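Just so you know, the protein sequences line up as chains V and H, in that order.
As numbered in numbering that gives the first Met the number 0, residues 0 to 256 make up the first sequence, in order.
As numbered in numbering that gives the first Met the number 0, residues 0 to 256 make up the second sequence, in order.
2 protein chains.
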Amino acid sequence: MSKPLILVTNDDGIESKGIKSLVEVATKFGEVVVVAPDGPQSGQGHAITLVSPIRIRKRKIFNGVESYECSGTPVDAVKLAKNIMLKDREIDLCLSGINHGSNASLNIIYSGTMSAAMEASMKGINAIGFSLLDYSKDADFSASKYYAEKLIGSMLEYQGPKGKLLNVNIPKLSIEEIKGIKVCEQGEGTWDEEFQESLDPRGETYYWLGGRFVGEKQNLKSDIWALENNYISVVPSHHNLTDYASMDSFVYLEDNS
Amino acid sequence: MSKPLILVTNDDGIESKGIKSLVEVATKFGEVVVVAPDGPQSGQGHAITLVSPIRIRKRKIFNGVESYECSGTPVDAVKLAKNIMLKDREIDLCLSGINHGSNASLNIIYSGTMSAAMEASMKGINAIGFSLLDYSKDADFSASKYYAEKLIGSMLEYQGPKGKLLNVNIPKLSIEEIKGIKVCEQGEGTWDEEFQESLDPRGETYYWLGGRFVGEKQNLKSDIWALENNYISVVPSHHNLTDYASMDSFVYLEDNS
């Protein structure tokens with residue numbers, strides 16, 4: 000294989016510590032191009048910018064690595080990379096993250112990090128989204144970098160069909176404390192939401208979304224179990240949302256026409 | 000069953016013709032409460048509002064139907080409904096739409112309409128997202144209303160596990176031209192994107208996302224095939240993104256630790 004071309008993006012913005020860590024690892028493997036949002040885009044899910052224009056700005060932020068920030072969402076960043084910065088070039092791997100905070104279980108659904116990676120996979124590019132279970136800006140990414148290097152190396156050697164997507168979550172532990180890597184299924188969980196209700200200076204009510212994630216810890220095959228038990232979770236994921244198991248139960252709808 | 004409680008939302012905003020059509024149908028079945036974005040939110044995917052407050056305003060817009068508009072995304076609207084307007088009440092069904100434009104195939108991933116419905120299903124509420132394959136503001140929803148009524152009636156009778164989600168797409172045809180309803184899987188497709196590059200009045204470059212959806216029409220089980228062949232497509236969908244078929248191919252990653 001010639002030197003692979005690796006696209007790096009994220010949802011915490013190009014200035015975050017997580018993407019810097021990921022760029023440092025990625026440059027060991029090939030040519031890296033960064034296209035990332037110009038500011039935090041957490042919780043953007045698979046949002047795209049349709050009703051307003053997008054701006055691109057070249058940045059000199061990572062040592063000798065071609066880098067761009069854009070004004071849109073994480074998914075926009077991948078679309079821009081594919082259609083503009085890396086037009087007519089074959090991208091071998093897309094890396095997203097390292098996210099500051101978990102994207103395990105159903106958090107994948109809300110995640111800009113994973114949506115960017117999924118967008119790449121929908122375009123036939125193998126992609127990995129990395130997330131560390133630590134929301135702090137100054138999170139310690141040393142174990143994440145160690146394992147990201149292993150996983151990126153393995154994924155670059157993967158010979159199967161293109162467009163594969165991995166959701167990688169890393170517990171907030173040292174390299175020594177982490178027990179290894181588990182290939183898992185997406186665990187079940189719920190968000191126990193709480194809206195903060197308050198008054199603004201003009202006396203108008205506003206609401207602010209907060210809450211707490213509650214994961215179902217009993218399923219030994221799930222990413223939640225793996226993370227609770229000091230493993231890194233790797234969930235092969237895809238964009239086919241069909242609930243095949245329920246198809247038969249809904250065939251009765253056809254009789255209705 | 001007592002009179003069911005039905006939550007109606009959408010992503011085109013509370014003023015759109017599509018949600019008006021859906022409210023008209025829903026009120027035939029039970030008590031309807033509308034919580035919808037105050038403006039267009041297409042392409043918002045599963046975005047949520049984390050970094051700014053959300054406003055709610057009571058509206059008198061649909062005849063005698065309790066209605067609220069909110070400043071957030073479609074998913075925010077469902078979270079608000081569940082936690083504020085309908086707190087402590089059991090929602091029997093969530094309806095989203097009727098969207099102006101297709102959400103078949105991978106469009107479900109970008110869709111605010113379907114993400115709102117999915118958010119409800121993630122909370123254990125049965126949910127249906129409706130989309131008409133007509134982007135125009137003045138689209139003719141008469142066939143959509145006819146079939147929405149059939150499907151809502153059937154879904155209210157469904158006795159299986161809660162939290163089921165249906166992605167319903169309706170071809171741009173008259174009632175007579177529509178051949179019936181097909182239960183399908185999510186078809187494959189791609190977006191052939193094109194960024195319009197232009198200069199603003201200050202001479203700065205901007206990009207605007209456009210493009211064309213290209214669906215794979217050969218799969219006779221897919222929603223794309225059904226719609227091409229004048230059927231309404233119903234895809235049972237869910238939020239479990241695990242690519243089970245690929246799990247074995249990635250077990251080799253575990254040996255890496």
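For glycine and all other residues, C-beta sits at the position ideal for the given N, C-alpha and C.
Keep in mind that this is a model prediction, so the values were computed, not measured.
Taking a cut of 7 Å between CB atoms, which residues from the stretch 86-116 of chain H lie near chain V? Leu-105, Ile-107, Ile-108, Tyr-109, Ser-114
Asn-98 (chain V) beta carbon less than 8 Å from that of Ser-66 (chain V): no
Under the three-state reduction of DSSP, which class applies to Gly-17 (chain V): helix, strand or coil? helix
How would you list, in chain order, the residues of chain H whose beta-carbon sits under 7 Å from the beta-carbon of Gly-42 (chain V)? Ala-46, Ile-47, Leu-49
Can you check whether the CB of Val-233 (chain V) is closer than 8 Å to the CB of Phe-249 (chain H)? yes
What residues of chain H sit near Gln-258 (chain V), judged by a beta carbon separation below 9 Å? No statement about residue 258 (chain V) is possible, as the shown extent of chain V runs from 0 to 256 and does not include it.
Does the beta-carbon distance from Leu-150 (chain H) to Leu-252 (chain V) come in below 8 Å? yes
Three-state secondary structure (DSSP) at Ile-107 (chain H)? helix
Taking a contact to mean a Cβ-Cβ separation below 8 Å, would you say Arg-58 (chain V) touches Tyr-205 (chain H) in this structure? no
Under three-state DSSP, which class holds Ala-142 (chain H)? helix
How would you write the range of the beta strand (DSSP E) that Ala-35 (chain V) sits in, first residue to last? 30-36
Leaving aside the five residues before and after Glu-192 (chain V) along the sequence, list all residues of the same chain whose C-beta is less than 6 Å from its C-beta, in chain order. Gly-210
Using a C-beta to C-beta distance shorter than 7 Å, which residues of chain H count as neighbours of Gly-12 (chain V)? The premise fails here: Gly-12 (chain V) is roughly 12 Å from chain H at the closest Cβ pair, so nothing lies under 7 Å.
Identify each residue in the stretch 191-215 of chain H for which the Cβ-Cβ distance to at least one residue of chain V is less than 7 Å, and report them in chain order. Glu-192, Phe-194, Tyr-205, Tyr-206, Trp-207, Leu-208
Can you give me the Cβ contacts of Gly-152 (chain H) inside the same chain, cut-off strictly under 8 Å, excluding the 5 residues immediately before and after it? Phe-28
Given this structure, state the Cα-to-Cα distance separating Met-154 (chain V) from Val-74 (chain V), to the nearest angstrom. 21 Å
If we cut at 8 Å on Cβ distances, does Pro-235 (chain H) have a partner in chain V? yes
Between which two residues does the beta strand (DSSP E) harbouring Pro-235 (chain V) extend? 230-236
Do three or more CB pairs link the stretch 42-50 of chain H to the stretch 161-177 of chain H at distances below 8 Å? no
Using the three-state DSSP reduction, which class does Lys-81 (chain V) fall into: helix, strand or coil? helix
Compute the Euclidean distance between the alpha carbons of Ile-108 (chain V) and Gly-111 (chain H), then round it to the nearest angstrom. 12 Å
Mind checking if Met-84 (chain V) is an interface residue toward chain H, Cβ cutoff 8 Å exclusive? no
Would you mind stating whether Leu-94 (chain H) and Ile-231 (chain H) have Cβ atoms separated by less than 8 Å? no
So Asn-239 (chain H) contacts chain V; which residues on that side make the cut at Cβ distance below 9 Å? Leu-105, Glu-184, Gln-185, Glu-187, Leu-240, Asp-242
Thinking Lys-216 (chain H) and Val-24 (chain H) are a contact (beta carbons under 8 Å), I'd like their distance in whole angstroms, please. The pair is not a contact, with the Cβ atoms about 30 Å apart (cut-off 8 Å).
Have a look at Gly-325 (chain H) and Asp-222 (chain H) and give me their C-alpha separation to the nearest angstrom. Coverage of chain H is limited to positions 0 through 256, which leaves residue 325 (chain H) absent and any answer about it impossible.
Inter-residue Cα distance where the pair is Ala-116 (chain H) and Asp-10 (chain V): 24 Å
Starting from Glu-65 (chain H), follow the beta strand (DSSP E) in both directions and report where the run begins and ends. 65-69
Please classify Lys-86 (chain V): is it buried, with 16 or more other beta-carbons within 10 angstroms of its beta-carbon, or exposed? exposed
Distance cutoff 8 Å, beta carbons only. Does Ser-248 (chain H) sit that close to anything in chain V? yes
When we look at the beta-carbon of Pro-36 (chain V) and count the other beta-carbons within 10 Å, is it buried (16 or more) or exposed? buried
Tell me the rounded alpha-carbon separation between Pro-314 (chain H) and Glu-156 (chain H). It is not possible to answer for residue 314 (chain H), since the shown part of chain H is limited to 0 through 256.
Along the chain, where does the beta strand (DSSP E) that runs through Ile-97 (chain H) open and close? 92-99
Going along chain V, which residues have a C-beta under 8 Å from Gly-17 (chain H)? Those do not exist, as Gly-17 (chain H) stays about 17 Å from chain V at its closest Cβ, beyond 8 Å.
DSSP state of Ala-46 (chain H) mapped onto helix, strand, coil: coil
Quick one: complete alpha helix (DSSP H) runs, 4+ long, within the stretch 174-242 of chain H? 222-227
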